[in-house]
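Protein chains in written order, with the working numbering: chain A, 1 to 543; chain B, 544 to 1086. Every residue gets a Cβ at the ideal spot worked out from N, C-alpha and C, and that includes glycine. For reference, the structure discussed in these notes is given below.
Number of protein chains: 2
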Amino acid sequence: MPNPEILFQTTPEQYKHWKLQLDGPVATLSMDVQEDETLAEGYKLKLNSYDLGVDIELADAVQRIRFEHPEVRAVVITSLKPRIFCAGANIYMLGTSSHAFKVNFCKFTNETRCAIEDDSLHSGRRYIAALNGTASGGGYELAIACDEIYLVDDGNSAVSLPEVPLLGVLPGTGGLTRLVDKRKVRRDRADVFSTLAEGLKGKRAKEWGLIDDYFARSKFQESVDARVKKIVDESTSTESGIKLTPIEFESTADSRNYKYVKLKLNREQRYADLTVYAPEGPQPTTGKEIQELGAAYWPLQAYRELDDALLHLRVNEPLIGLVCLRTQGDAQIILDIDQTLTTNHDYWLVREIVLHMARVLRRLDLTAKSFFAIVEPGSCFAGNLLELLLASDRSYMLKDSDARVAVSDLNAGVLPMSNGLTRLQSRFLAEPQKLDEIAGDKKTFDTDEAEDLGLVTFAPDDLDWEDEIRLAIEERTSLSPDALTGMEASLRFAGPETMDTKIYGRLTAWQNWIFQRPNAVGEKGALTNYGKPTQAEFDFKRT
Amino acid sequence: MPNPEILFQTTPEQYKHWKLQLDGPVATLSMDVQEDETLAEGYKLKLNSYDLGVDIELADAVQRIRFEHPEVRAVVITSLKPRIFCAGANIYMLGTSSHAFKVNFCKFTNETRCAIEDDSLHSGRRYIAALNGTASGGGYELAIACDEIYLVDDGNSAVSLPEVPLLGVLPGTGGLTRLVDKRKVRRDRADVFSTLAEGLKGKRAKEWGLIDDYFARSKFQESVDARVKKIVDESTSTESGIKLTPIEFESTADSRNYKYVKLKLNREQRYADLTVYAPEGPQPTTGKEIQELGAAYWPLQAYRELDDALLHLRVNEPLIGLVCLRTQGDAQIILDIDQTLTTNHDYWLVREIVLHMARVLRRLDLTAKSFFAIVEPGSCFAGNLLELLLASDRSYMLKDSDARVAVSDLNAGVLPMSNGLTRLQSRFLAEPQKLDEIAGDKKTFDTDEAEDLGLVTFAPDDLDWEDEIRLAIEERTSLSPDALTGMEASLRFAGPETMDTKIYGRLTAWQNWIFQRPNAVGEKGALTNYGKPTQAEFDFKRT
Chain A
1 MPNPEILFQT
11 TPEQYKHWKL
21 QLDGPVATLS
31 MDVQEDETLA
41 EGYKLKLNSY
51 DLGVDIELAD
61 AVQRIRFEHP
71 EVRAVVITSL
81 KPRIFCAGAN
91 IYMLGTSSHA
101 FKVNFCKFTN
111 ETRCAIEDDS
121 LHSGRRYIAA
131 LNGTASGGGY
141 ELAIACDEIY
151 LVDDGNSAVS
161 LPEVPLLGVL
171 PGTGGLTRLV
181 DKRKVRRDRA
191 DVFSTLAEGL
201 KGKRAKEWGL
211 IDDYFARSKF
221 QESVDARVKK
231 IVDESTSTES
241 GIKLTPIEFE
251 STADSRNYKY
261 VKLKLNREQR
271 YADLTVYAPE
281 GPQPTTGKEI
291 QELGAAYWPL
301 QAYRELDDAL
311 LHLRVNEPLI
321 GLVCLRTQGD
331 AQIILDIDQT
341 LTTNHDYWLV
351 REIVLHMARV
361 LRRLDLTAKS
371 FFAIVEPGSC
381 FAGNLLELLL
391 ASDRSYMLKD
401 SDARVAVSDL
411 NAGVLPMSNG
421 LTRLQSRFLA
431 EPQKLDEIAG
441 DKKTFDTDEA
451 EDLGLVTFAP
461 DDLDWEDEIR
471 LAIEERTSLS
481 PDALTGMEAS
491 LRFAGPETMD
501 TKIYGRLTAW
511 QNWIFQRPNA
521 VGEKGALTNY
531 GKPTQAEFDF
541 KRT
Chain B
544 MPNPEILFQT
554 TPEQYKHWKL
564 QLDGPVATLS
574 MDVQEDETLA
584 EGYKLKLNSY
594 DLGVDIELAD
604 AVQRIRFEHP
614 EVRAVVITSL
624 KPRIFCAGAN
634 IYMLGTSSHA
644 FKVNFCKFTN
654 ETRCAIEDDS
664 LHSGRRYIAA
674 LNGTASGGGY
684 ELAIACDEIY
694 LVDDGNSAVS
704 LPEVPLLGVL
714 PGTGGLTRLV
724 DKRKVRRDRA
734 DVFSTLAEGL
744 KGKRAKEWGL
754 IDDYFARSKF
764 QESVDARVKK
774 IVDESTSTES
784 GIKLTPIEFE
794 STADSRNYKY
804 VKLKLNREQR
814 YADLTVYAPE
824 GPQPTTGKEI
834 QELGAAYWPL
844 QAYRELDDAL
854 LHLRVNEPLI
864 GLVCLRTQGD
874 AQIILDIDQT
884 LTTNHDYWLV
894 REIVLHMARV
904 LRRLDLTAKS
914 FFAIVEPGSC
924 FAGNLLELLL
934 ASDRSYMLKD
944 SDARVAVSDL
954 NAGVLPMSNG
964 LTRLQSRFLA
974 EPQKLDEIAG
984 DKKTFDTDEA
994 EDLGLVTFAP
1004 DDLDWEDEIR
1014 LAIEERTSLS
1024 PDALTGMEAS
1034 LRFAGPETMD
1044 TKIYGRLTAW
1054 QNWIFQRPNA
1064 VGEKGALTNY
1074 GKPTQAEFDF
1084 KRT
């Protein structure tokens, strides 16, 4: 049974599983999962367990707080269910999902948690996990994504990562890396904690650094409130937000067209053309004008559309193995926009817009599909759109033509990869002096210059162009998709590692592995047999 | 058909696949793989392809050069086969091996390559890959492990990583990480190179940074010789080596006993006791005395035995999931030895011994089995042996007893993990001030002190001791071995990442994943069908 297409857009009015309450500088996000409101059939979302649909709402809420409610300084994440904060990813959902879906689900939930951390780090909002009941598995991992964790002390509520003992899989959405790298829990304690199905309660959980504090049930709300009050007393904001209007698109069987992003699916050949269009006409140049334009401002609208297209490709189009990234329009307009974003970078909305662009580009880096950038006359791989080229696995640029690529200040730092470097830095690890050359007075480069500078991979001339691109596409889509996924994940992230790259690179890989082991998903595997009268049986050979 | 037990010991006289030639400061290691001398049945080692047996000889040769021939300053790795340097890991061997064996094979070959890099970094020997023929796959990866790569320019010889296009698996033994991190090859070029079955020849290979230079066949030998001469002219050594005598052991069906290391296999319960014994009697205190004692000196002999026991457990005992690490003997003797090693650290042999200890301990960190340290009266978890405890996933220390643990200078830096930190630093990421407390005047700690300092996980008293250990063992060995492997690999390496941790953590995980995908090892997988008239057929869904 093919699942229906998954949509990544929602609004607070449509939320089924979360309540977003706003009270001046404090936002409260309360989880109240409706067990029958699932994305697919075959499971119920009991005990505030979640599926992708629940996490799509959470991602939307975090995004909306940033754009629509910049006055918010503290976000409290809590539960409306008695005695349970969140039971983590739904096990029956995992048990009935395809391998690819499980992996994409984990990736998306990680991106949501990284988005929380991004908001905390760059926009200074403080996230408080108010665990008014047990937080287990992904529930506890959601708590770790927050800045502070408070647990109710009622003799019952605990934090736990029960996946290893109960399900034979890794705590799935980044927990182990965040556990030892972010919270720096001592490794032997992390070992004990991660093998203890029932988890740990208040006192010991605090002693081991798993939570920041615990309070008796009668004092819980007031203690959390007091902490939140302290945060908002110390940090105020008088900005007022913009409305994130719905992203509109038209779709056919083999296309999805947004205003600035067009996706064409060449299903037979298993590749897609994804084209980003520059805007036309005059663009705002001041913070005030940008605020007035709101979600229709190109850098926000185009990147929201791009984000949606990437998520759509990941989850709804698994057979598309290669995406040809194209751009079209006036490069100068893009460069002018970058100039505006740079000049107004201290304006809250501009900062949020640029941070959003950075997140979308990281989503691209982390997408398990090949990307080729195709640079032709009429394209506008300039400034922020040059990042599409730099994020690609390869690029092709037509020789002896009007095609140009161009750099702007936005290529120099504000759109970092998960490894903390810019894409230019990652590209030129061996030749850092190239960065100075590229950042020199000359900002726009023709094909020969781009090739000399190392900005593009291949520069075929007009005679070879079509054949070369066609052959490259054919060759790429003929290769093992699994080998490509592993290869690209390795080659895209040279250089330093950060918590984020560890989470995605290491843990996702391990989880990918474990998610297809018979000990997890085989007939006798622990994931398969969870909640059934039958018991898991393991092949105890260590690998 | 169970494979015969694999032995990890050999000597140059026994080598089947390599010739080790010594000429003063120059060692030449020539690969000449005998195609019928395989470790298992079902494949032939054509074209200098290798199986684990070939790599065991290489590892032995590198180790012997360090200890037996400290006068060597340059090691040339080349081939005795016409037109082929090395074709990499044997594909039919991979195709007929179990998943666990493949993973262990990749890990061991990586450790061998890291040992080459360790020698280069710490002992200053320069490794030259003299590619007098094509180096593909693991053959090229062996070249990247060297400091310099020279390729013959004969219109035919190339370097290549053909695994993705030909086999549907990752270049297996670290190639991609070394490619972009060590050689810093630009990511789009690395992408092209890694998907190009035929690889690249001299000029372009040099341009892309894949090799350091290329020479016509007629000039190849003299050009390499000239480079080697330059190296040895700049660096001389007049030390003379010691003999690495064979490691002896007696074994029964459930034990393997070396002189200082005893392994007891509790097969029914799927765990092993591995006990390291302190030496008895007076120990040498000067470099000269150590040199006279040679391979019989405890820090060298005990760690060589430990290394052999770990490799044996990994490859020959897959059903053993847990190793209880124990020590026995006089802790003061261990501390005195550490003092001697510290005092004489400038003496070449002492430096080599300590570097060897560090490699063995890293082998332990990277072993996919659970480790519990058991600290009882009569044990000697002191100084270098305390590292066994710190490397363990957990530790148990008997309360109210004579049991003690102790630190020495060797815990403070010279035995780093793959992440570049000491095991104490990794343990106390959240509380670095503990490092000062532990390194204070008091060096020996009883159970209460060790628990307070956070050196041990649990400290049961006499009443609970046996039950608690027994239950912990039973519980651990009941868990999914795959989930444990992923969990331990994540928890052991918090903190910074290095090229080594990237290789092991990221790539091994990806390779683990790809090695069990149907697209590689299924009936229609590329690895299964390599060299057969049938063609691979892929499920093109991207994960």
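Legend entry - Cross-strand partners of Cys867 (chain B) (DSSP beta bridge): Working through the second sequence from its first residue, we reach residue 867 (chain B) at position 324. DSSP, once it has assigned bridges, lists B:Asp816 and B:Phe915 as partnering Cys867 (chain B).
Inset, instruction - Write down the C-beta distance between His930 (chain B) and Leu964 (chain B) rounded to the nearest angstrom, noting that I regard them as a contact closer than 8 Å. - result: Numbered from its first residue, the second sequence carries residue 930 (chain B) at position 387. Numbered from its first residue, the second sequence carries residue 964 (chain B) at position 421. Here residue 930 (chain B) turns out to be Glu, not His, going by the sequence shown. With a beta-carbon spacing of about 12 Å, Glu930 (chain B) and Leu964 (chain B) fall beyond the 8 Å limit used to define contacts.
Legend entry - Cβ pair Lys559 (chain B), Tyr635 (chain B) closer than 9 Å: Residue 559 (chain B) sits at position 16 when you count from the first residue of the second sequence. Residue 635 (chain B) sits at position 92 when you count from the first residue of the second sequence. No. Outside cutoff.
Inset, instruction - Please list, in chain order, all residues of the same chain as His855 (chain B) whose beta carbon is under 6 Å from its beta carbon, the five residues on each side excluded. - result: Position 312 of the second sequence, counted from the first residue, corresponds to residue 855 (chain B). Counting only Cβ-Cβ distances below 6 Å, and skipping sequence neighbours, we find nothing.
Legend entry - Minimum Cβ-Cβ distance from Asn1055 (chain B) to chain A less than 9 Å: Along the second sequence, one-based indexing puts residue 1055 (chain B) at 512. Judged by the 9 Å Cβ criterion, Asn1055 (chain B) is in contact with chain A.
Legend entry - Cutoff 6 Å; reference Met544 (chain B); Cβ partners in own chain excluding five residues on either side: Within the second sequence, numbered from 1, the residue matching residue 544 (chain B) stands at position 1. Interpretation of Met544 (chain B) is limited by its pLDDT of 37, a score under 50 that renders its predicted location unreliable; no figure is taken from the coordinates.
Inset, instruction - Enumerate in chain order the residues of its own chain whose CB-to-CB distance from Ala643 (chain B) is below 6 Å, with the five nearest sequence positions on each side excluded. - result: Counted from its first residue, the second sequence places residue 643 (chain B) at position 100. The answer, listed in chain order, is Pro861.
Legend entry - Segment limits, beta strand (DSSP E) that includes Ile128 (chain A): Taking the first residue of the first sequence as position 1, residue 128 (chain A) is located at position 128. Taken as a continuous stretch (DSSP letters only), the beta strand (DSSP E) holding Ile128 (chain A) covers Arg126 to Leu131.
Inset, instruction - Would you kindly work out how many angstroms separate the C-alpha atoms of Lys805 (chain B) and Asp816 (chain B), rounded to a whole number? - result: One-based indexing of the second sequence puts residue 805 (chain B) at position 262. One-based indexing of the second sequence puts residue 816 (chain B) at position 273. In a straight line, the C-alpha of Lys805 (chain B) is about 8 Å away from that of Asp816 (chain B).
Legend entry - Residue-chain proximity (Ile549 (chain B), chain A), Cβ-Cβ < 9 Å: Position 6 of the second sequence, counted from the start, is the residue given in the question as residue 549 (chain B). Not one chain A Cβ lies under 9 Å of Ile549 (chain B).
Legend entry - Host alpha helix (DSSP H) of Arg363 (chain A) (start-end): Within the first sequence, numbered from 1, the residue matching residue 363 (chain A) stands at position 363. Run containing Arg363 (chain A): Trp348 to Asp365, per the alpha helix (DSSP H) assignment.
Inset, instruction - Decide if Gln535 (chain A) is buried, meaning its Cβ has at least 16 other Cβ atoms within 10 Å, or exposed. - result: The residue given as residue 535 (chain A) occupies position 535 in the first sequence. Counting C-beta atoms within 10 angstroms of its own C-beta, Gln535 (chain A) has fewer than 16 neighbours from the protein chains shown and is therefore classed as exposed.
Legend entry - Beta-carbon proximity check, Leu868 (chain B) vs Phe915 (chain B), cutoff 9 Å: By 1-based counting over the second sequence, the position of residue 868 (chain B) is 325. By 1-based counting over the second sequence, the position of residue 915 (chain B) is 372. Result yes, Cβ atoms of Leu868 (chain B) and Phe915 (chain B) sit closer than 9 Å.
Inset, instruction - Would you verify that the beta carbon of Arg1013 (chain B) is, or is not, closer than 9 Å to some beta carbon of chain A? - result: For this step, residue 1013 (chain B) is matched to residue 470 along the second sequence. Output row for Arg1013 (chain B): interface = no.
Legend entry - CB of Gln826 (chain B) within 9 Å of CB of Asp879 (chain B), strictly: As a position in the second sequence, residue 826 (chain B) is number 283, starting the count at 1. As a position in the second sequence, residue 879 (chain B) is number 336, starting the count at 1. In contact: Gln826 (chain B) and Asp879 (chain B) (Cβ atoms closer than 9 Å).
Inset, instruction - Taking only the alpha-carbon atoms, compute the straight-line gap between Val619 (chain B) and Phe628 (chain B) and give it to the nearest angstrom. - result: Position 76 of the second sequence, counted from the first residue, corresponds to residue 619 (chain B). Position 85 of the second sequence, counted from the first residue, corresponds to residue 628 (chain B). C-alpha separation (whole angstroms): 12 Å.
Inset, instruction - Determine, using beta carbons only, whether Met1 (chain A) comes closer than 9 Å to chain B. - result: Reading the first sequence from its first residue, position 1 is the one you call residue 1 (chain A). Residue confidence for Met1 (chain A) is low, a pLDDT of 37 falling below 50, so the modelled location carries little weight; the figure read from the coordinates is stated next. Chain B contact via Cβ: absent.
Inset, instruction - Determine, using beta carbons only, whether Met487 (chain A) comes closer than 9 Å to chain B. - result: Counted from its first residue, the first sequence places residue 487 (chain A) at position 487. Yes, contact with chain B.
Inset, instruction - Pick helix, strand or coil for Thr965 (chain B), following the three-state DSSP scheme. - result: Translated into the one-based positions of the second sequence, residue 965 (chain B) becomes position 422. Thr965 (chain B) falls in the coil class under three-state DSSP.
Inset, instruction - Report the residue from B:Gly676, B:Arg894, B:Tyr846 and B:Leu998 whose alpha carbon sits nearest the alpha carbon of Gly784 (chain B). - result: The sequence position of residue 784 (chain B) within the second sequence is 241, counting from 1. The option with the nearest alpha carbon to Gly784 (chain B) is B:Arg894.
Legend entry - Validate contact between the stretch 604-615 of chain B and the stretch 686-706 of chain B using beta carbons, cut 8 Å, 3 pairs: Contact fails: fewer than three Cβ-Cβ distances are below 8 Å.
Inset, instruction - Kindly say whether Gln221 (chain A), judged by its beta-carbon, lies nearer than 9 Å to any beta-carbon of chain B. - result: Taking the first sequence and counting its residues from 1, the one referred to as residue 221 (chain A) is at position 221. So, not an interface residue.
Legend entry - Where the stretch 191-207 of chain A meets chain B: residues whose CB sits under 7 Å from a CB there: Among the residues of the stretch 191-207 of chain A, those with a Cβ less than 7 Å away from any Cβ of chain B are Asp191, Val192, Ser194 and Thr195, in the order of the chain.
Inset, instruction - Return the residue from the list A:Arg542, A:Ser490, A:Thr485 and A:Ala526 that minimises the CA-CA distance to Lys1084 (chain B). - result: On the second sequence, residue 1084 (chain B) is found 541 positions in, with the first residue counted as 1. Of A:Arg542, A:Ser490, A:Thr485 and A:Ala526, the residue nearest in Cα terms is A:Thr485.
Inset, instruction - Determine which residues share a DSSP beta bridge with Lys259 (chain A) and list them. - result: Looking up residue 259 (chain A) in the first sequence gives position 259. Lys259 (chain A) pairs with nothing; no bridge assigned.
Inset, instruction - Just confirm the distance between the C-beta atoms of Leu709 (chain B) and Tyr1073 (chain B), as a whole number of angstroms; I'd bet it's less than 8 Å. - result: Here the question's residue 709 (chain B) lines up with position 166 in the second sequence. Here the question's residue 1073 (chain B) lines up with position 530 in the second sequence. About 7 Å; that satisfies the 8 Å criterion.
Inset, instruction - Could you tell me if Asp118 (chain A) is buried or exposed, where buried requires 16 or more neighbouring beta carbons within 10 angstroms of its beta carbon? - result: What you label residue 118 (chain A) is simply residue 118 of the first sequence in a count that begins at 1. Buried, since its Cβ has 16 or more Cβ neighbours within 10 Å.
Legend entry - 8 Å Cβ cut-off: residues of chain B touching Thr109 (chain A): Numbered from its first residue, the first sequence carries residue 109 (chain A) at position 109. Within chain B, not a single residue places a beta-carbon under 8 Å from that of Thr109 (chain A); the smallest gap is close to 16 Å.
Inset, instruction - Closer than 8 Å by beta-carbon distance: list the chain A residues that pair up with Lys912 (chain B), in chain order. - result: To locate residue 912 (chain B), count along the second sequence from 1; it is residue 369. Against chain A, a Cβ distance below 8 Å from Lys912 (chain B) picks out Arg542.
Legend entry - For Glu765 (chain B) and Glu1066 (chain B), the rounded distance between their alpha carbons: Position 523 of the second sequence, counted from the first residue, corresponds to residue 1066 (chain B). Position 222 of the second sequence, counted from the first residue, corresponds to residue 765 (chain B). The straight-line gap from Cα to Cα measures roughly 49 Å.
Legend entry - Partner residues on chain A for Ser761 (chain B), Cβ-Cβ distance less than 8 Å: Against the second sequence, residue 761 (chain B) aligns to sequence position 218. The contact set of Ser761 (chain B) on chain A, defined by CB atoms closer than 8 Å, is empty, because the minimum CB distance reaches about 31 Å.
Inset, instruction - State the Cα-Cα distance for the pair Glu497 (chain A) and Asp850 (chain B), rounded to the nearest angstrom. - result: Mapped onto the first sequence, residue 497 (chain A) falls at position 497. Mapped onto the second sequence, residue 850 (chain B) falls at position 307. Taking the straight line joining both Cα atoms gives about 30 Å.
Legend entry - Inter-stretch contact (C-beta, 8 Å, three-pair minimum) for the stretch 95-110 of chain A and the stretch 376-390 of chain A: no
Legend entry - Closer than 9 Å to chain B by CB, Asp23 (chain A): Position 23 of the first sequence, counted from the start, is the residue given in the question as residue 23 (chain A). No, no contact with chain B.
Legend entry - Continuous alpha helix (DSSP H) assignments of at least 4 residues falling wholly in the stretch 183-207 of chain A: 187-193 and 202-207
Legend entry - Touch test, the stretch 663-680 of chain B against the stretch 551-568 of chain B, Cβ-Cβ under 8 Å, three pairs minimum: no
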